[in-house]
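Numbering (our numbering), first residue to last: 1115 to 1328.
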């Protein structure tokens, strides 16, 4: 019933990624480049011992997961708890627009790191709680036998939230971590707990410039 290894995958590129707009819960879809990235990742993952694919229900993640799961001969499973951080009033804006339009809210979100709830959105504590609940379900409910590997297709902010929870990572380190489009962050179970093996790896991509906005 235990999962030995988890591949956390960020979705492929969207037009809003390319434009530097923060997406959050917005139902943005992959652009052509994002679909190419997802196809490249799917080909790279062929032959891996992946037994299940889980994904956020937001279109950009779900399409990425569908491309991967079809290549692996699997059926992806949706879970809205894998959604991106709900960014409320920040959604649809660039960082420059956010800091100019919502300077006070931006400062609160930056300094009250875990607890500040973005108007019409959620706090990081809320994101961490739902993502960790989804994680616990995925790594402990996979039938009667141990599972070597699963893939979870989600979002940059959600991956960073899990790193904070699972590894008690420093906030500064997490803030500085760029989770690239269709990158793989690999976490492995060992006798003493979970270990982070790699973060934001993109061995399947070449000559690709990835955007790191949420």
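Just so you know, even glycine gets a beta-carbon here, dropped at the ideal spot from N, CA and C.
None of the values given here were measured: they were computed from a predicted structure.
Quick one: grab the DSSP three-state call for residue i.
i, result
"residue 1263", "strand"
"residue 1208", "coil"
"residue 1279", "helix"
"residue 1303", "strand"
"residue 1169", "strand"
"residue 1122", "strand"
"residue 1327", "Below a pLDDT of 50, predicted positions are generally treated as unreliable, and residue 1327, at 40, falls in that range; no measurement from the model is reported."
"residue 1092", "Residue 1092 is absent from the model: the chain starts at 1115 and stops at 1328."
"residue 1285", "helix"
"residue 1155", "helix"
Just the Cα atoms here: how many angstroms apart are residue i and residue j?
i, j, result
"residue 1243", "residue 1308", "18 Å"
"residue 1134", "residue 1198", "16 Å"
"residue 1130", "residue 1260", "39 Å"
"residue 1373", "residue 1146", "For residue 1373 there is no data in the structure shown, the boundaries of the chain being 1115 and 1328."
"residue 1290", "residue 1265", "24 Å"
"residue 1210", "residue 1262", "43 Å"
"residue 1240", "residue 1212", "21 Å"
"residue 1224", "residue 1304", "34 Å"
Start and end of the beta strand (DSSP E) containing residue i?
i, result
"residue 1230", "Premise fails: residue 1230 is in no beta strand (DSSP E) and is neither H nor E."
Determine whether the beta carbon atoms of residue i and residue j lie at a separation below 8 Å.
i, j, result
"residue 1148", "residue 1124", "no"
"residue 1152", "residue 1126", "yes"
"residue 1294", "residue 1316", "yes"
"residue 1221", "residue 1232", "no"
"residue 1310", "residue 1281", "yes"
Could you give the residue range of the alpha helix (DSSP H) that holds residue i?
i, result
"residue 1254", "1238-1254"
"residue 1140", "Taken as a continuous stretch (DSSP letters only), residue 1140 belongs to no alpha helix (DSSP H), as it is neither H nor E."
"residue 1188", "Neither: residue 1188 is in no alpha helix (DSSP H) and is coded neither H nor E."
"residue 1145", "Element bounds for residue 1145: n/a, residue is neither H nor E."
Next item on the list: Report yes or no: do the region 1137-1147 and the region 1219-1230 share at least 3 C-beta pairs separated by less than 8 Å?
Entry: They do not touch, by the three-pair rule.
Margin query: Within 8 Å, do at least three Cβ pairs link the region 1191-1211 to the region 1148-1164?
Written below: No: fewer than three Cβ pairs fall under 8 Å.
Margin query: Quick test of the definition: if touching needs 3 or more C-beta pairs under 8 Å, does the region 1298-1311 touch the region 1202-1219?
Written below: No, because fewer than three Cβ pairs between the region 1298-1311 and the region 1202-1219 fall closer than 8 Å, the two stretches do not touch.
Check: Can we say the region 1279-1286 touches the region 1170-1188, given the rule of at least three CB pairs closer than 8 Å?
Finding: The region 1279-1286 vs the region 1170-1188: no contact.
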